[in-house]
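Worksheet: one structure, shown below.
Shown next, in the form of structure tokens:
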């Protein structure tokens, strides 16, 4: 890797906010944010972050005491849910969308797959009050429950000077904790932003050239010169929500070496009607936003399967295959998406590259945030 | 719980076990723990049904429903009492304390455990205690099996509060409802086999000092809509595929068997020193036999298919006869109740079946095997929908050749909810008479 990036011409569409110069080798362990743009927020106090951590893991904050933020954003699962396509809410209610990772979420300016929120402090209240998620009947109900829980008093005093919980304080404390979930400094970052030439293999480097070239991934998953989130934070209809109708038979894994098929007819008694997910349109009512969803960042993507807003693609290879085929069928599919004609080798290289985006913090953060001592 | 406290608690438990009089019961009327007193060998007079509340139906809450099951009673076949416990938390299984005075009933979602006094007046069970520290004390979620040991209740969890996956363990409580100890299910590769950490049922053979445990799945799967789950390849990977053999007195796993496809209920046949156990795998639809080989080593092997496994009949509850020569098996998907001849446990033969409902889950039989009771609900989000969502208690007589319907209760028409686990009881006078006759 030369001291100057050879891919500069490909990065013109990227954002460039970081001040980390790509001019010398960097010890990623010493710079866990290596590769991220400069933060646009001021780091919260330790006390506020500690309060947010306590709230994040507290199952008592759901109506029936079974759900917390961490039950859908599981630290050991990349702060997402990897055990099912879409997350489950209270009483096992099926939620329509995959739980996104919270790693580096502090850098995002739009939240939820449809981008309906613009701050983590505001966003935090949506799951708390959603009838299918944590199902609390009101904000006041939650605040009274917190106020009646003795261990929160000292945490609020330490963070805000007195023990009174409020919507604002709960939101900003959770925001503070989520902003602390920084996970960059990946092998890619060391190679690209840290000038460590041997951090990527030749195949992975070829994958990056495809990412920013023939495969056109960086059209939406932007790569900034000074740092990147791998997202344009815009909305695109990829067709992931309107893929080909079911064939009528579904493979079912029964055990490690045993599988069978079940038909829609056999499943009919178990299926509830589900509404089509219209994505960003549900927020804007603009026809061009039908079936469009926010471009997700790709950092740590290896650890946050399954993929797409509905968790419908189980592996990175499946995602690459989906885009190579030109996405799904949807009336207003993004003009940026079309058949890519990647060879099998190129698809493999692309998937290899995506696996270089995993931060060392993915392994260390779970233990750090689950600690119970100060 | 620190190590010292755990050692003390374990020692206390073991002391109680050692001084207890172990009843070498074969099987009881519905496969209770062999430490359970006062087995009902005559006519069961009451059926207690643990019922899942349904939103918008009646009070929408889980409840213990008591049904008069004495054919000589004027209220035979009728609901005579209900105790609503408030809210819905995935009511599932129940178990008696060793003295059979109290019935513990658990909820798999919110982890609450309700203790009912069924000894004072079994016609009118009374809620006397609610245990709400199962998750906070153990880290486990989904209190499933309630298994009596002397002075203690062992509770097998299904999941955990860390990620709602299937890694879990057994919590031990005193009969007074105090948390005593916890034991993680075996995980990882070791000299005893490769444990997956999953749990489901408990079955103890006191004479051999062995305990068997089986494995199911975590909260994420058992709370998920079944139609969604079956089509989710990621979620379908997360089912247990092991059974563990434990040194019961030491509460240490000694052997892990590979039993693919979620082995569920464990039924010991202890009659005449038979000393074998049988289980059914939910996903792979097989009966598995756990038995010592000629060298005394415990082995697990598949001995029969249940229906056509490729059609996923989904075997659920099983009930072994008191003499160990017969086994009832319910298959949820096709709504069938099947009878297997277990005379040769190495080669069970299905000899009878009926379609007993559009869906069927639990099966309980009287000690003499002449009466069989069925209920319909598996899990709130696994039950069928629409017209196929029948919710019933159906009572039958069994003459060895066929089931004859005696009465039926439609739990939806009665605005009760989803009918799940059943336990029997009888009036104290009858129990006392039975005791004297033993």
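Residue numbers (our numbering), protein chains in the order written: chain A, 3 to 376; chain B, 28 to 465. The beta-carbon is built from N, C-alpha and C at its ideal position, and this holds for glycine as well.
is_contact[residue i, chain B] using C-beta, thresh 8 Å
i	result
residue 26/A	Low per-residue confidence applies at residue 26/A: pLDDT is 47, beneath 50, and the placement is therefore not dependable, though the value from the model is reported in the following sentence. No - not a single Cβ of chain B is within 8 Å of the one on residue 26/A.
residue 258/A	yes
residue 252/A	yes
residue 61/A	yes
residue 85/A	yes
residue 348/A	no
residue 243/A	no
residue 370/A	no
residue 15/A	Residue confidence is low: residue 15/A scores 32 on pLDDT, short of 50, so the model does not pin down where it sits. No coordinate-derived value is stated.
residue 450/A	Nothing can be reported for residue 450/A, as the shown portion of chain A is limited to 3 through 376.
residue 94/A	yes
residue 246/A	Legend: pLDDT at residue 246/A = 48, less than 50; position of this residue unreliable, no value from coordinates given.
residue 264/A	yes
Nearest to residue i (by Cα), restricted to the options the options
i	options	result
residue 381/B	356/B, 270/B, 373/B, 215/B	356/B
residue 153/A	91/A, 52/A, 220/A, 170/A	52/A
residue 319/A	240/A, 311/A, 330/A, 307/A	307/A
residue 166/A	179/A, 127/A, 178/A, 144/A	144/A
residue 239/A	82/A, 69/A, 116/A, 46/A	116/A
residue 371/B	102/B, 359/B, 305/B, 276/B	305/B
residue 452/B	236/B, 442/B, 123/B	123/B
residue 109/A	101/A, 100/A, 120/A	120/A
Contact with chain A by residue i, beta-carbon distance below 8 Å
i	result
residue 253/B	yes
residue 259/B	yes
residue 430/B	no
residue 263/B	yes
residue 188/B	yes
residue 127/B	no
residue 185/B	no
residue 242/B	no
residue 455/B	no
residue 369/B	no
residue 337/B	yes
residue 115/B	yes
residue 250/B	yes
residue 137/B	yes
As assigned by DSSP and simplified to three states, the class of residue i
i	result
residue 281/A	strand
residue 48/A	helix
residue 161/A	helix
residue 446/B	strand
residue 48/B	Reliability fails at residue 48/B, whose pLDDT of 40 lies under 50, so the model's placement of it is uncertain and no value is given.
residue 154/A	helix
residue 73/A	helix
residue 241/B	coil
residue 293/A	coil
residue 253/A	strand
residue 115/B	coil
residue 226/A	coil
residue 391/B	strand
residue 220/A	helix
Cβ shell of residue i (< 6 Å), same chain only, five flanking positions each side left out
i	result
residue 214/B	222, 224
residue 241/A	329, 330, 331, 332, 335
residue 368/B	376, 378
residue 243/A	279, 293
residue 141/A	169
residue 247/B	191
residue 231/A	109, 299
Residue i Cβ short of 7 Å to the ligand ZN heavy atom set
i	result
residue 89/B	The ligand content of the structure shown is nil, which means the ligand ZN is not present either.
Cβ shell of residue i (< 8 Å), same chain only, five flanking positions each side left out
i	result
residue 86/B	80, 111
residue 285/B	220, 221, 268, 269, 327
Same chain, Cβ closer than 7 Å to residue i, neighbours up to 5 away in sequence not counted
i	result
residue 351/A	205, 208, 209, 212
residue 281/B	219, 272, 273, 274
residue 2/A	The question about residue 2/A has no answer, for chain A in this structure spans 3 to 376.
Stretch-stretch touch, CB-based, cutoff 8 Å, three pairs: the region 123-132 of chain A with the region 172-192 of chain A
yes
Is the number of C-beta pairs between the region 32-44 of chain A and the region 186-199 of chain A that are closer than 8 Å three or more?
yes
Are the region 150-164 of chain B and the region 37-48 of chain A touching, with three or more C-beta to C-beta distances below 8 Å?
no
Just checking, does the region 108-122 of chain A make contact with the region 294-306 of chain A on the three C-beta pairs under 8 Å criterion?
yes
Tell me whether the region 364-372 of chain A and the region 66-81 of chain A touch, counting them as touching only if at least three CB pairs, one residue from each stretch, are closer than 8 Å.
yes
With three or more beta-carbon pairs closer than 8 Å as the criterion, would you say the region 80-87 of chain A touches the region 247-262 of chain B?
yes
Stretch pair the region 253-269 of chain B + the region 292-301 of chain B: three plus CB contacts closer than 8 Å
no
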